[in-house]
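To start, the structure under review is shown below, and the notes come after it.
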Amino acid sequence: MKVASYNVNSLRVRLPIVIKWLTDNDIDVLCLQETKVQDTDFPTEAFDGIEYDHVFKGQKSYNGVAILSKHPIEQVIFGFPDEPRDEARIIKAEINGIVIVNTYIPQGQSPDSEKFQYKLKWFGRLLEYFQRDFGSLDKVLWTGDLNIAPKPIDVYDPEILLGHVCFHPEVHDALNEILSWGFVDVFRKHCENANEFTFWDYRMRNSFKRNLGWRIDHIMATVPLAEKSTSCFIDKEPRAAERPSDHTPIVAEFDL
DNA sequence: ATGGTCGGCAACCGA
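End of the first sequence sits at 312 in my numbering; the numbers just go up one at a time, nothing left out.
This is the structure in structure tokens:
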């Protein structure tokens, strides 16, 4: 089973890329972030047309998450159980006997902002969410735009970027607390020394061409699930399309 | 050479 994550930065603009990429690559499950579309305008017909089940939660202008799947999507829960629920940032679902948690984690703006404190709290709430619902021996896949580059190898310049909200010691601590609960970075498991990225900032001139990137989109799996992974790679092909997203998909394959 | 990002959505906000 191939599972992927992709921050589309507007699903309506990226719809042709998503449809083509899904069908060309025979993806079983695709988790999307930053769909930027309200539920009434979600392009359900397009996914009906290629026979992908779909669940989604959006809002006006910002955020928005969705799961697309060739297999039935069951037990769907949007948001955290407590306030603020952030329904357009987290979806949990069961597909093929696996729990998938698709998250769009707050970016955090700047380290001295309220939004950064909100981001740190979000990691803490997510750990509680996992602890409440699962044991680390369950097959759980946590994926999405996590807005954190875990290690120096995951950014284009670790010295200059240290202290950025997506490469910050406090966020690293928060991530490591969740990872030590029982998640494996599936990309790192398969590509130990790969200096590869999933995001290149639009605001930097020619950032993609110059490879000034970040690895902030991830596929994390609990140990029993990670044991079943056979490959994991970042697919840069969607970046070659017209009007590409600033992110590109990450894919993991599991032999279940 | 005298520049320099996107998308949503209607003036700026968020990334």
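Ideal Cβ positions, reconstructed from N, Cα and C, are used throughout, including at glycine.
In this chain, the beta strand (DSSP E) harbouring residue 287 covers 285-290.
Inclusion of residue 73 and residue 301 in the CB contact set at 9 angstroms is warranted, their separation being smaller than that value.
Rounded to the nearest angstrom, the Cβ distance from residue 172 to residue 221 is 6 angstroms, consistent with a contact under 8 angstroms.
Taking 8 angstroms as the upper bound for CB-CB distance, residue 308 and residue 272 are not in contact here, some 16 angstroms apart. In the structure shown, residue 312 falls within a coil segment according to DSSP collapsed to helix, strand and coil. Nearest neighbour of residue 162 by Cα position, chosen from 245, 75, 94 and 143, turns out to be 143. Its Cα nearest to that of residue 304, the residue 294 stands out among 127, 298, 294 and 310. With a cut-off of 8 angstroms on Cβ pairs, the segment 125-134 is in contact with the segment 149-162, counting three or more such pairs. Taking the C-beta atoms as reference points, residue 223 is found nearer than 9 angstroms to residue 270. Beta-bridge pairing by DSSP links residue 276 to 198 and 241. For residue 124, the uninterrupted beta strand (DSSP E) run begins and ends at 121-125, by DSSP. Of all alpha-carbon atoms in 249, 250 and 267, the one lying nearest the alpha-carbon of residue 257 is that of 267. Exposed is the label assigned to residue 218, since fewer than 16 other Cβ atoms lie within 10 Å of its Cβ.
Counting the other CB atoms within 10 Å of its CB gives residue 160 a total of 16 or more, which places it among the buried residues.
The three-state secondary structure of residue 135, taken from DSSP, is coil.
With a threshold of 16 other beta carbon atoms within 10 Å, residue 118 falls short and is exposed.
Secondary structure of residue 164 (DSSP, three-state): coil. Annotation: residue 80 is outside any beta strand (DSSP E); the continuous alpha helix (DSSP H) that includes it extends over 67-81.
For residue 298, the closest alpha carbon among the candidates 62, 71 and 58 is that of 71.
Measuring C-alpha to C-alpha distances from residue 112 to each of 286, 148, 80 and 81 identifies 148 as the nearest. For the 9 angstroms CB-CB criterion, residue 175 and residue 227 form a contact. In this structure, residue 91 lies near residue 67, with their beta-carbon atoms less than 9 angstroms apart. Using a Cβ distance threshold of 9 angstroms, residue 196 and residue 132 do not count as a contacting pair.
In this structure, residue 94 keeps its C-beta atom at 9 angstroms or more from the C-beta atom of residue 62. By the Cβ criterion, the segment 181-191 is not in contact with the segment 203-218, since fewer than three pairs of Cβ atoms, one from each stretch, lie closer than 8 angstroms.
Secondary structure at residue 129: coil, using DSSP grouped into helix, strand and coil. DSSP places residue 228 in the helix class (H, G or I) of the three-state scheme.
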